[in-house]
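Asks: Chains as they are written, first to last, in our numbering: chain B, 19 to 372; chain H, 19 to 372; chain U, 19 to 372.
Glycine included, C-beta positions come from ideal geometry on N, C-alpha and C.
This is the structure, below, for whatever I ask next.
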Amino acid sequence: MQRTVAEIAREIGTEFEGDGSPIITGVAGLREAQPTDISFLANPKYKGHAAKTRAGALVVSKEIVVECSAVLLRVSNPLESFSRIALKFAPPSVELPAGVHPSAIVADNAILEGGVGVGPNVVIEPGARIGARTRIWAGSFVGRDVSIGQDCILYPNVSVREYCTIGDRTFIHNGTVIGSDGFGYDVDQQGERTKIPQIGIAEVGDDVEIGANCTVDRARFGKTRIGNGVKIDNLVMIAHNCVIEDHVVLVAQVGIAGSTIVRHHAILGGQVGVAGHLVVGEYSAIGAQGGVTKDVPPKMFYSGYPAAPHAQAAKMQADLKRLPRLKDRVKKLESELKQLQEEALNKRKDNDIG
Amino acid sequence: MQRTVAEIAREIGTEFEGDGSPIITGVAGLREAQPTDISFLANPKYKGHAAKTRAGALVVSKEIVVECSAVLLRVSNPLESFSRIALKFAPPSVELPAGVHPSAIVADNAILEGGVGVGPNVVIEPGARIGARTRIWAGSFVGRDVSIGQDCILYPNVSVREYCTIGDRTFIHNGTVIGSDGFGYDVDQQGERTKIPQIGIAEVGDDVEIGANCTVDRARFGKTRIGNGVKIDNLVMIAHNCVIEDHVVLVAQVGIAGSTIVRHHAILGGQVGVAGHLVVGEYSAIGAQGGVTKDVPPKMFYSGYPAAPHAQAAKMQADLKRLPRLKDRVKKLESELKQLQEEALNKRKDNDIG
Amino acid sequence: MQRTVAEIAREIGTEFEGDGSPIITGVAGLREAQPTDISFLANPKYKGHAAKTRAGALVVSKEIVVECSAVLLRVSNPLESFSRIALKFAPPSVELPAGVHPSAIVADNAILEGGVGVGPNVVIEPGARIGARTRIWAGSFVGRDVSIGQDCILYPNVSVREYCTIGDRTFIHNGTVIGSDGFGYDVDQQGERTKIPQIGIAEVGDDVEIGANCTVDRARFGKTRIGNGVKIDNLVMIAHNCVIEDHVVLVAQVGIAGSTIVRHHAILGGQVGVAGHLVVGEYSAIGAQGGVTKDVPPKMFYSGYPAAPHAQAAKMQADLKRLPRLKDRVKKLESELKQLQEEALNKRKDNDIG
Numbered sequence: 019m020q021r022t023v024a025e026i027a028r029e030i031g032t033e034f035e036g037d038g039s040p041i042i043t044g045v046a047g048l049r050e051a052q053p054t055d056i057s058f059l060a061n062p063k064y065k066g067h068a069a070k071t072r073a074g075a076l077v078v079s080k081e082i083v084v085e086c087s088a089v090l091l092r093v094s095n096p097l098e099s100f101s102r103i104a105l106k107f108a109p110p111s112v113e114l115p116a117g118v119h120p121s122a123i124v125a126d127n128a129i130l131e132g133g134v135g136v137g138p139n140v141v142i143e144p145g146a147r148i149g150a151r152t153r154i155w156a157g158s159f160v161g162r163d164v165s166i167g168q169d170c171i172l173y174p175n176v177s178v179r180e181y182c183t184i185g186d187r188t189f190i191h192n193g194t195v196i197g198s199d200g201f202g203y204d205v206d207q208q209g210e211r212t213k214i215p216q217i218g219i220a221e222v223g224d225d226v227e228i229g230a231n232c233t234v235d236r237a238r239f240g241k242t243r244i245g246n247g248v249k250i251d252n253l254v255m256i257a258h259n260c261v262i263e264d265h266v267v268l269v270a271q272v273g274i275a276g277s278t279i280v281r282h283h284a285i286l287g288g289q290v291g292v293a294g295h296l297v298v299g300e301y302s303a304i305g306a307q308g309g310v311t312k313d314v315p316p317k318m319f320y321s322g323y324p325a326a327p328h329a330q331a332a333k334m335q336a337d338l339k340r341l342p343r344l345k346d347r348v349k350k351l352e353s354e355l356k357q358l359q360e361e362a363l364n365k366r367k368d369n370d371i372g
Numbered sequence: 019m020q021r022t023v024a025e026i027a028r029e030i031g032t033e034f035e036g037d038g039s040p041i042i043t044g045v046a047g048l049r050e051a052q053p054t055d056i057s058f059l060a061n062p063k064y065k066g067h068a069a070k071t072r073a074g075a076l077v078v079s080k081e082i083v084v085e086c087s088a089v090l091l092r093v094s095n096p097l098e099s100f101s102r103i104a105l106k107f108a109p110p111s112v113e114l115p116a117g118v119h120p121s122a123i124v125a126d127n128a129i130l131e132g133g134v135g136v137g138p139n140v141v142i143e144p145g146a147r148i149g150a151r152t153r154i155w156a157g158s159f160v161g162r163d164v165s166i167g168q169d170c171i172l173y174p175n176v177s178v179r180e181y182c183t184i185g186d187r188t189f190i191h192n193g194t195v196i197g198s199d200g201f202g203y204d205v206d207q208q209g210e211r212t213k214i215p216q217i218g219i220a221e222v223g224d225d226v227e228i229g230a231n232c233t234v235d236r237a238r239f240g241k242t243r244i245g246n247g248v249k250i251d252n253l254v255m256i257a258h259n260c261v262i263e264d265h266v267v268l269v270a271q272v273g274i275a276g277s278t279i280v281r282h283h284a285i286l287g288g289q290v291g292v293a294g295h296l297v298v299g300e301y302s303a304i305g306a307q308g309g310v311t312k313d314v315p316p317k318m319f320y321s322g323y324p325a326a327p328h329a330q331a332a333k334m335q336a337d338l339k340r341l342p343r344l345k346d347r348v349k350k351l352e353s354e355l356k357q358l359q360e361e362a363l364n365k366r367k368d369n370d371i372g
Numbered sequence: 019m020q021r022t023v024a025e026i027a028r029e030i031g032t033e034f035e036g037d038g039s040p041i042i043t044g045v046a047g048l049r050e051a052q053p054t055d056i057s058f059l060a061n062p063k064y065k066g067h068a069a070k071t072r073a074g075a076l077v078v079s080k081e082i083v084v085e086c087s088a089v090l091l092r093v094s095n096p097l098e099s100f101s102r103i104a105l106k107f108a109p110p111s112v113e114l115p116a117g118v119h120p121s122a123i124v125a126d127n128a129i130l131e132g133g134v135g136v137g138p139n140v141v142i143e144p145g146a147r148i149g150a151r152t153r154i155w156a157g158s159f160v161g162r163d164v165s166i167g168q169d170c171i172l173y174p175n176v177s178v179r180e181y182c183t184i185g186d187r188t189f190i191h192n193g194t195v196i197g198s199d200g201f202g203y204d205v206d207q208q209g210e211r212t213k214i215p216q217i218g219i220a221e222v223g224d225d226v227e228i229g230a231n232c233t234v235d236r237a238r239f240g241k242t243r244i245g246n247g248v249k250i251d252n253l254v255m256i257a258h259n260c261v262i263e264d265h266v267v268l269v270a271q272v273g274i275a276g277s278t279i280v281r282h283h284a285i286l287g288g289q290v291g292v293a294g295h296l297v298v299g300e301y302s303a304i305g306a307q308g309g310v311t312k313d314v315p316p317k318m319f320y321s322g323y324p325a326a327p328h329a330q331a332a333k334m335q336a337d338l339k340r341l342p343r344l345k346d347r348v349k350k351l352e353s354e355l356k357q358l359q360e361e362a363l364n365k366r367k368d369n370d371i372g
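Here it is as structure tokens:
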């Protein structure tokens with residue numbers, strides 16, 4: 019797959035500045051690149067990395083000024099051109115073939131539409147329905163009466179428990195669990211807990227992606243709902259009866275407690291926690307590690323714990339940093355005041371004596 | 019399964035206020051309900067949601083005053099009545115049948131008591147013992163000499179590693195790992211680490227529930243112990259040699275470091291972290307995202323990082339918010355003091371001149 | 019396996035103080051030990067636990083003074099001696115035998131070197147290569163063209179996706195996922211996202227240990243890289259294109275966002291989060307729950323959110339705690355200043371009158 023810099027430049031229809039003969043064997047980030055790699059600079063913020071890169075060639079925008087040892091390939095959209103180069107170096111993408119692997123255990127009355135692929139050791143329970151061209155990889159479990167749409171991918175060891183539904187073109191990564199029981203108990207006087215039956219389902223929309231080892235609990239009753247176009251990173255927890263509306267983004271390790279609604283287009287940063295029964299407004303963003311304890315209005319940027327408007331949270335941080343200076347000012351006030359007091363006292367004494 | 023409001027009222031033995039003819043096809047929360055859903059209002063806190071609900075019918079307490087478009091069904095215990103209604107709308111609960119699926123791989127000398135159910139592709143290693151009526155779902159792994167009690171459920175893809183023990187009536191959700199190695203190394207001068215053998219076990223009590231994709235490490239030696247009646251949400255991490263006493267509650271994404279003891283009836287909120295070798299006292303609660311760095315006495319409510327008594331933590335937050343006001347007061351003091359100083363100086367000059 | 023205290027003392031070649039006849043049946047920590055257990059005290063910090071222990075016998079250092087009811091066994095290295103005792107009480111370690119279980123599904127052209135063990139229901143895809151003596155436990159998935167070195171262990175239900183590589187002597191615990199897609203999308207004006215192909219791989223080095231239910235994403239292009247000797251606890255998230263250099267330690271539930279570099283010998287405490295495109299310097303440590311938002315220089319100890327040098331973060335915490343006292347000082351200043359102002363005013367009036 020190796021090619022010279024000149025060959026790569028020709029493939030993406032551009033010129034190169036310098037020697038076109040070096041052999042390029044792969045792609046890499048600016049900081050990891052070796053002399054046989056090609057890299058790219060799209061964001062001027064990383065010019066410092068470009069200056070130090072060991073990459074043999076660099077895809078950059080037409081106008082950017084950058085000093086580095088790499089041969090430069092100038093294009094109008096570096097990210098787009100680089101993606102095309104990267105795809106050419108990439109190994110072929112791996113797809114599960116259509117058909118049912120002989121080791122898979124598929125219930126007689128499960129319905130598999132045309133072109134479905136079912137990998138080794140997959141278990142599909144009675145009444146399940148799998149849409150056309152959907153691929154279910156090794157070791158995954160599809161529970162009773164589950165419905166999965168068309169053109170989905172379930173990677174290895176995914177489980178979808180009974181009655182849950184998945185839309186079309188939705189990808190779920192390894193180890194993720196859809197429809198585990200919600201966390202709900204009646205508690206008696208002695209602090210002992212009795213399980214409240216979790217008889218609802220989890221419903222996942224179209225064009226969703228859910229990362230690896232996530233958990234989406236089924237509803238206590240009704241539905242835990244994940245809308246269309248939602249993108250969820252790894253190790254995310256969505257509790258029972260949550261509603262995650264369309265086009266929401268949940269970064270890794272987010273946790274959302276029961277019955278909370280995250281409105282459309284909201285973005286929650288990594289490790290964010292949201293308490294139960296709240297609403298995060300549409301188009302709002304929560305900074306990484308934020309802890310949301312109250313409703314968040316639409317189009318706000320909250321951060322910190324308890325989460326507050328970011329400007330306010332940042333100001334509190336800044337105030338806190340300047341606290342020692344404030345203490346010094348108070349100390350100075352105290353000493354100066356004391357001096358004034360003593361002077362006043364002395365004056366009075368002088369007056370008394372005088 | 020659909021029924022009219024009047025029919026539902028009759029089933030739970032109550033009257034209804036309004037038109038009994040609308041058809042109800044399901045249950046839902048106040049905010050998600052559609053006109054064909056029945057919902058409920060148990061906590062007056064959510065009266066605002068009730069006022070705006072689109073639900074066709076609403077189960078409420080006898081005395082509560084609420085204005086909404088839904089037909090009201092008044093009962094003495096709304097939650098209990100609603101649960102009964104929800105159960106009638108729910109699809110039948112799904113249980114693994116007794117018997118061993120032909121694809122399961124069960125060691126010859128493993129002991130399965132009466133009525134045990136073993137799903138497809140389950141692996142049960144030599145010496146394991148499974149109590150009566152316990153159900154082990156597809157793809158789960160039960161290691162050598164593991165002991166599991168009666169009436170347990172292991173959902174798909176659970177693993178229990180060698181020698182670990184599980185009590186009676188304990189439920190473990192998909193993907194959870196019991197008995198993975200503790201995280202312990204000897205470190206040399208060069209910062210290289212050698213694994214310390216983790217030769218203990220993990221012991222889980224009776225009536226425990228453990229959510230999906232949790233990890234409970236085996237002890238370095240002796241036992242990591244989870245008591246009776248403990249309830250654990252999803253994605254929780256319990257490190258080696260921890261002791262989680264009876265009736266403790268651990269909400270999602272909690273992490274507890276090695277050798278820490280959480281005493282009975284303590285409750286740890288979502289994403290709480292507890293450092294190693296600590297004790298969290300009985301009946302104490304830690305607010306969500308709290309970071310516990312010291313022992314917590316019994317019956318306390320701690321929050322924040324580092325976790326402190328909640329009243330104190332809340333006060334610190336409030337003080338921090340009022341810091342700008344304090345700065346203004348200091349500024350005013352400075353200017354007034356300066357004025358006094360100047361007056362005193364002028365007086366002295368006057369006196370000198372005079 | 020039970021032995022008397024005297025017999026254990028003889029096995030580790032030391033004397034005992036007191037009665038050698040009690041029967042010991044196991045090992046345990048100081049606080050959990052029963053009279054039939056032997057425990058140990060290595061760190062004088064835990065002398066308080068030793069004073070209250072119910073253990074029948076205690077391994078201690080030669081010089082330490084400790085009052086307790088247990089029979090004392092004095093040695094020069096308590097931890098080392100105790101580990102030897104613990105190993106003798108431990109059940110035999112369980113190893114997967116060499117050979118391929120008949121239920122495993124191994125591609126014809128996969129290469130298994132000598133002494134490889136493949137457990138039940140394992141799936142090994144075409145082109146994979148497994149090094150000598152490596153053990154792959156039940157239900158694990160090894161994707162197309164994956165390369166795994168010698169003497170590795172993959173515990174049950176691990177997945178390694180296509181093209182990823184694992185070095186020698188690396189252990190990966192149950193449920194961990196190597197090579198899931200990175201979290202990357204192009205977003206259009208309407209806030210709808212299109213998946214960016216993740217065509218790189220994840221590369222794991224030699225002598226690495228990765229805990230249970232972790233996720234290591236494959237690179238967008240190039241490699242997500244985990245160096246040699248890296249130790250990773252449970253439920254850790256490593257995003258696409260990260261570089262985790264040699265001998266780094268990541269404690270449980272750490273999350274590292276995309277393209278961040280953690281330099282060699284750095285240690286990240288439990289639940290730490292690191293934003294994307296950062297560098298954590300070599301030999302630096304981040305305290306538990308810290309949130310890293312900027313580069314961390316080498317050999318620093320950072321903590322808090324946003325993470326700052328620990329001394330500074332601790333000082334800010336202390337300042338915050340003392341804020342009420344500062345407020346009192348300001349209040350006192352205000353009242354004293356007022357008094358001075360009134361005195362000055364009165365004096366002026368006196369002067370005016372006089």
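Note down, in chain order, every chain U residue with its Cβ under 8 Å from the Cβ of residue 171(H).
Replies: Within 8 Å Cβ-Cβ: nothing; residue 171(H) doesn't reach chain U, min ~18 Å.
Asks: The beta strand (DSSP E) that contains residue 167(H), what's its start and end?
Replies: It is not in any beta strand (DSSP E) - residue 167(H) carries neither H nor E in the DSSP assignment.
Asks: For residue 213(B), collect the residues of the same chain with a Cβ closer than 7 Å to its Cβ; drop the 5 residues on either side in sequence, then sort them by chain order.
Replies: 203
Asks: By the 8 Å beta-carbon criterion, what residues does the segment 313-328 of chain B contribute toward chain H?
Replies: 323 and 324
Asks: Name, in chain order, the residues that DSSP records as bridge partners for residue 136(U).
Replies: 118(U) and 154(U)
Asks: Alpha carbon to alpha carbon, how far is residue 231(U) from residue 293(H)? Give it in angstroms, no decimals.
Replies: 20 Å
Asks: Along chain H, in chain order, which residues have C-beta atoms closer than 9 Å to that of residue 361(B)?
Replies: 362 and 366
Asks: Assuming residue 200(B) and residue 258(B) are in contact, meaning their beta carbons sit under 8 Å apart, how far apart are those beta carbons, in whole angstroms?
Replies: The distance from the Cβ of residue 200(B) to that of residue 258(B) is about 3 Å, consistent with a contact at the 8 Å cut-off.
Asks: Note the first and the last residue of the continuous beta strand (DSSP E) segment covering residue 221(B).
Replies: Run containing residue 221(B): 219-222, per the beta strand (DSSP E) assignment.
Asks: Report buried or exposed for residue 356(U), applying the criterion of at least 16 other Cβ atoms within 10 angstroms of its Cβ.
Replies: exposed
Asks: Once the 5 residues before and after residue 147(U) are set aside, which same chain residues still bring their CB inside 6 Å of it?
Replies: 129 and 165
Asks: Over the uninterrupted beta strand (DSSP E) stretch that includes residue 58(H), give me the two end residues.
Replies: 55-59
Asks: So which residues of chain H does residue 121(U) contact, with C-beta pairs closer than 9 Å?
Replies: Per Cβ cutoff of 9 Å: 121, 123, 139 and 141.
Asks: Flag residue 215(U) as yes if its beta-carbon sits less than 8 Å from any beta-carbon of chain B, otherwise no.
Replies: yes
Asks: Take residue 115(H) and list the residues in its own chain whose beta-carbon comes closer than 8 Å to its own, dropping the five residues that flank it on each side.
Replies: 135
Asks: Determine, using beta-carbon pairs with one atom in the segment 30-44 of chain U and one in the segment 261-272 of chain H, whether at least three such pairs fall under 8 Å.
Replies: no
Asks: Identify the residues that DSSP records as bridge partners of residue 203(H): which are they?
Replies: 213(H)
Asks: Determine the DSSP secondary structure at residue 254(H), reduced to helix, strand or coil.
Replies: Look at residue 254(H) here: in three-state DSSP terms it is coil, with no helix or strand label.
Asks: Residues of chain B with a CB under 8 Å from the CB of residue 279(U): which are they?
Replies: Annotation: Cβ neighbours of residue 279(U) in chain B (cutoff 8 Å, chain order): 49.
Asks: Can you look up residue 64(H) in the DSSP assignment and give me helix, strand or coil?
Replies: helix
Asks: If contacts are defined as beta-carbon pairs under 8 Å, then residue 284(B) and residue 303(B) qualify, I think. What distance do you get, rounded to the angstrom?
Replies: 7 Å
Asks: Strictly below 7 Å CB to CB, what residues from chain U border residue 227(B)?
Replies: By Cβ distance, chain U contributes 213.
Asks: Assign residue 81(U) to one of two classes, buried (16 or more other C-beta atoms within 10 Å of its C-beta) or exposed (fewer than that).
Replies: exposed
Asks: Check whether chain B comes within 8 Å of residue 352(H), counting only Cβ atoms and requiring the distance to be less than that.
Replies: yes
Asks: Determine the chain H residues that contact residue 8(U) at a beta-carbon separation under 9 Å, and present them in chain order.
Replies: The structure shown has nothing for residue 8(U), since chain U only spans 19 to 372.
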